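> Per full-length UniProt numbering, the sequence shown runs over residues 1 to 237.
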Amino acid sequence: MKAKKRPLYQEIMLKIQTYIKTQGLENGDAIPTEKVLAETYNVSRVTVRKAISKLIEKEILYSIKGSGTYVAFPKFEHNLFKLQGFTEEMQPFHDAIKNEVIEFSLIKPDDQIQDILNIDNDEKVYNIKRIRKLNDEALIIENAFIPFKLFPDLSIQAMTKSKYGFLKDKGYIIKKRIEEFIPQLPNKEVSEIFNIQPDTPLLELRAHSILDNDEVFEYSEVLYHPKKYKFKLELSR
1 MKAKKRPLYQ EIMLKIQTYI KTQGLENGDA IPTEKVLAET YNVSRVTVRK
51 AISKLIEKEI LYSIKGSGTY VAFPKFEHNL FKLQGFTEEM QPFHDAIKNE
101 VIEFSLIKPD DQIQDILNID NDEKVYNIKR IRKLNDEALI IENAFIPFKL
151 FPDLSIQAMT KSKYGFLKDK GYIIKKRIEE FIPQLPNKEV SEIFNIQPDT
201 PLLELRAHSI LDNDEVFEYS EVLYHPKKYK FKLELSR
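Structure (structure tokens):
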């Protein structure tokens, strides 16, 4: 029986992937335009467009409107059923992790944060904003609020490392974390940090974490780079 011929767009998909490998293109590098690819492979631009579209679906490529098409970054997986910090998730890349602290101050929080942290209105909290990086590329922007009374000796230096590691060293045990995800569009600061367009949708994780004595030790708002993160939710019945 004669083998069924592969659709032309699939052949172009393979040729584009071969081109990426043979040319040594890295994550974020641009591939040639539709016009150039169509001329190179002697096919229509419609065929090239379909091949590129399928490669984008497979997260091998990504496109930026008005700019071009680029080799996609591998996406890191955030397991929603695992209580892990960024440092734990990135353990295989430990030497390449960096936490840049861009805000570290004591503030009087608003009523909403007071309620979440279950603190009195005269109590202060740390407001700590960090950019979590891998190989100097921003993956996460974290804005955290931590009661001063729990950690009066907390320092910027400690926050350049693992927050959960700091808690463990202090003898605290994290019991649980309650999370909710909110779809967002980035503001100017976030667009610049993540190097994304202002109309790129992303997810914000809002979470509060609870110690084994039922005390809330943190409320955080976390933005994940939309091109570098995916979320895993595994269900069974």
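Note that CB positions come from ideal geometry on N, CA and C, so glycine has one too. Note that the structure is a prediction, hence the values are computed from the model and not measured.
1) Less than 8 angstroms between the beta carbons of Ala138 and His225, yes or no?
2) Tell me which same chain residues have a C-beta within less than 6 angstroms of the C-beta of Arg130, skipping the five on either side of it?
3) Counting only runs of 3+ residues fully inside the segment 103-165, write out the beta strand (DSSP E) ranges in chain order.
4) With burial defined as no fewer than 16 other Cβ atoms inside 10 Å of the residue's Cβ, what is the status of Glu57: buried or exposed?
5) Just to confirm the assignment, what range does the alpha helix (DSSP H) spanning Arg45 have?
6) Under 8 angstroms, do Leu134 and Ile193 count as touching if we go by C-beta distance?
7) Quick check on the burial criterion: 16 or more other C-beta atoms within 10 angstroms. Buried or exposed for Ala51?
8) Put Ile173 into one of helix, strand or coil per three-state DSSP.
9) How many Å lie between Ala30 and Arg132 at the Cα?
10) Considering only C-alpha positions, which residue in the set Ser162, Asp136 and Lys170 is nearest to Glu150?
11) What residue range is occupied by the uninterrupted beta strand (DSSP E) comprising Ala207?
12) Using the DSSP secondary-structure output, state which residues sit across from Pro183 in a beta bridge.
13) Can you name the start and end residues of the beta strand (DSSP E) that Thr18 belongs to?
14) Between Glu179 and Asn195, what straight-line distance do the alpha-carbon atoms span, to the nearest angstrom?
A quick look at the data gives this:
1) Yes, the Cβ-Cβ distance between Ala138 and His225 is below 8 angstroms.
2) The answer, listed in chain order, is Asn99, Val101 and Glu142.
3) Within the segment 103-165, the complete beta strand (DSSP E) runs of at least 3 residues are 125-134 and 137-147.
4) When all chains shown are included, Glu57 counts as exposed.
5) Per DSSP, the unbroken alpha helix (DSSP H) holding Arg45 starts and ends at Arg45 to Glu57.
6) Not in contact: Leu134 and Ile193 (Cβ atoms no closer than 8 angstroms).
7) With 16 or more Cβ atoms within 10 Å of its Cβ, Ala51 is classed as buried.
8) Coil.
9) Those two C-alpha atoms are separated by around 25 angstroms.
10) Note on identity: in this sequence residue 150 is Leu, with Glu being the wrong assignment. Of the candidates Ser162, Asp136 and Lys170, the one whose C-alpha sits nearest the C-alpha of Leu150 is Lys170.
11) Looking at the DSSP string, the run of the beta strand (DSSP E) that includes Ala207 is Leu202 to Leu211.
12) In DSSP, Pro183 forms a bridge with Leu203.
13) For Thr18, there is no enclosing beta strand (DSSP E); the residue is part of the alpha helix (DSSP H) that begins and ends at Leu8 to Thr22.
14) Computed Cα separation, rounded: 26 angstroms.
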